[in-house]
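A.B. asks:
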Amino acid sequence: MSIILDHVNYIYGADTPLAVHALKDICLKIPDGQFVGIIGHTGSGKSTLMQHLNGLERATSGHIYYNGEDIYDDDYDMKKLRSKVGLVFQYPEHQLFEIDVFSDVCFGPKNLGLSRKETELRAYDALRKVGLPDELFYQSPFEISGGQKRRVAIAGVLAMKPDVLILDEPTAGLDPKGRDEILQQVKKLQQETGMTILLVSHSMEDVAEYVERIIVMNQGSVLYDDTPRNVFAHYKELEEVGLAAPQVTYILHELKKNGLDVDAAATTIGEAAGEIMQALRK
């Protein structure tokens with residue numbers, strides 16, 4: 002049970018003078034239950050890659066397998082795939098349109114043909130999972146805060162009961178408090194349900210803090226695919242492709258250069274604080 006990409010290529014505007022090779026020979030395996038970060042500069046192919054995983058885009062060549070089935074087989078049920086691999090777009094609040102929050106979250110399961118009772122149970126459960134207070138359920142989605150809108154949009158996908166949740170820049174435009182609240186809720190959801198989560202982000206601090214594996218995209222190819230610690234050890238190479246390591250990585254390297262005995266491979270604030278305290282006790 003996993004997602005497998007087998008030599009996937011995608012060309013925008015194929016057979017035209019404006020053709021762009023957006024994905025180049027991508028081979029990946031994403032097992033069930035992983036929390037994976039996808040990073041890369043603008044135009045690196047990360048969002049295009051995510052849109053292939055639930056069939057919004059179709060590869061020019063190669064194959065994608067979900068739970069052992071080729072999603073490009075003629076008789077494959079793409080509607081079923083999209084109910085199991087949920088994609089939340091950047092600025093997902095632009096997708097909100099119903100008269101109130103609860104109705105908006107009901108939209109997806111209702112269109113699966115579920116009964117009213119099952120639809121409403123799913124919507125209620127999804128809204129509780131994203132931490133939205135009950136008193137907001139019947140508010141207009143246009144009268145709540147940006148962070149609350151983001152939670153509603155995520156709940157709308159969760160109500161479909163996906164096995165895989167893809168979040169494309171879910172904290173874009175939010176203040177630090179709102180960003181932390183959203184990501185903490187997503188991490189809690191992943192721990193409680195065992196759901197596979199793919200997080201596309203420009204924030205190195207966010208991926209370092211929350212994910213267990215990082216895939217680095219560059220010019221349509223996979224540059225690195227490893228743990229955060231191992232990926233950010235290549236911080237100089239990341240800088241060459243327009244990325245960086247978390248700020249604590251640079252601080253620790255500077256402290257080590259100046260004689261403090263710290264492990265400069267630490268990637269989170271908690272790890273860095275532990276390293277500094279330990280070094281100061283020596």
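Taking this note's numbering as reference, the numbering of the sequence shown is continuous, increasing by one, and the terminal residue is 283. By construction, the Cβ of each residue, glycine as well, lies at the ideal position given by its N, Cα and C atoms. It should be emphasised that the depicted structure is a prediction, and the values quoted were computed from it without experimental measurement.
#1: Where does Met196 land, buried or exposed, given buried means 16+ other C-beta within 10 angstroms?
#2: Apart from the five residues just before and just after Ala154, which ones in its own chain have a Cβ nearer than 7 Å to its Cβ?
#3: In chain order, which continuous runs of the beta strand (DSSP E) of length 3 or greater are located wholly inside the segment 7–88?
#4: Let me know if Glu213 comes out buried or exposed under the rule of 16 or more other beta-carbons within 10 Å of its beta-carbon.
#5: Report the residue from Leu115, Leu184 and Gly109 whose alpha carbon sits nearest the alpha carbon of Ala160.
#6: Thinking C-beta only, is Pro163 closer than 7 Å to Lys85?
#7: So what does DSSP say about Met218, is it helix, strand or coil?
#8: In whole angstroms, give me the CA-to-CA distance for Asn219 and His64.
#9: Rounded C-beta distance between Ile4 and Ile31? I'm assuming under 8 Å.
#10: Can you grab the Cα-Cα spacing for the pair Thr268 / Ala274, in whole Å?
#11: Can you give me the C-alpha to C-alpha distance between Arg272 and Gly157, rounded to a whole angstrom?
#12: When you compare each of Phe233, Ile277, Val9 and Glu136 to Lys257 by their alpha carbons, which one comes out closest?
#13: Using the Cβ count rule (16 or more neighbours within 10 Å means buried), how would you classify Gly38?
#14: Kindly identify the DSSP beta-bridge partner or partners of Asp227.
#15: Within 10 Å of its beta-carbon, does Lys80 have 16 or more other beta-carbons around it, so buried, or fewer, so exposed?
#16: Let me check understanding here. Comparing Cα to Cα, which of Glu210, Thr120 and Asp176 lies closest to Arg151?
#17: Between the C-alpha atoms of Ser141 and Gly174, what's the straight-line distance to the nearest angstrom?
#18: Tell me the DSSP bridge mates of Thr197?
#19: With Asn10 and Thr61 assumed to form a contact (beta carbons below 8 Å), what rounded beta-carbon distance in angstroms separates them?
#20: Here's the rule: buried if 16 or more other CB atoms are within 10 angstroms of the residue's CB, otherwise exposed. What is Gly87?
#21: Counting along the chain, where does the alpha helix (DSSP H) carrying Thr268 start and finish?
#22: Quick one: give me the first and last residue of the alpha helix (DSSP H) that Ile145 is part of.
#23: Need the endpoints of the alpha helix (DSSP H) that Lys283 sits in, please.
C.D. replies: Let me spell this out:
#1: Buried, because 16 or more other Cβ atoms sit within 10 Å of the Cβ of Met196.
#2: For Ala154, same chain residues with a beta-carbon under 7 Å away, outside a window of 5 residues either side, are Val89, Pro93, Glu94, Gln96 and Leu97 in chain order.
#3: The segment 7–88 is shown to contain whole beta strand (DSSP E) runs of 3 or more residues at 21–32, 36–40 and 62–67, in chain order.
#4: Counting Cβ neighbours within 10 Å, Glu213 comes out exposed, since fewer than 16 surround it.
#5: Ranking Leu115, Leu184 and Gly109 by CA distance to the CA of Ala160 puts Gly109 first.
#6: Closer than 7 Å, so yes.
#7: It is a strand residue.
#8: The C-alpha of His64 is placed about 21 Å away from the C-alpha of Asn219.
#9: Contact check for Ile4 and Ile31: beta-carbon distance about 4 Å, within the 8 Å limit, so the pair qualifies.
#10: Straight across, the Cα-Cα distance linking Thr268 with Ala274 is about 10 Å.
#11: A small correction: the amino acid at residue 272 is Glu; Arg does not occupy that position in the sequence shown. For Glu272 and Gly157, the distance between alpha carbons rounds to 35 Å.
#12: Of Phe233, Ile277, Val9 and Glu136, the residue nearest in Cα terms is Ile277.
#13: It counts as buried.
#14: Its beta-bridge partners are Ile215.
#15: Exposed, since its Cβ has fewer than 16 Cβ neighbours within 10 Å.
#16: It is Asp176 whose Cα lies nearest to the Cα of Arg151.
#17: Roughly 21 Å between the two C-alpha positions.
#18: Answer by DSSP bridge pairing, in chain order: Val165.
#19: Confirmed, about 5 Å.
#20: So Gly87 ends up on the buried side.
#21: Run containing Thr268: none; DSSP gives neither H nor E here.
#22: Unbroken run through Ile145: none, as it is neither H nor E.
#23: Lys283 -> no alpha helix (DSSP H), and no H or E assigned at all.
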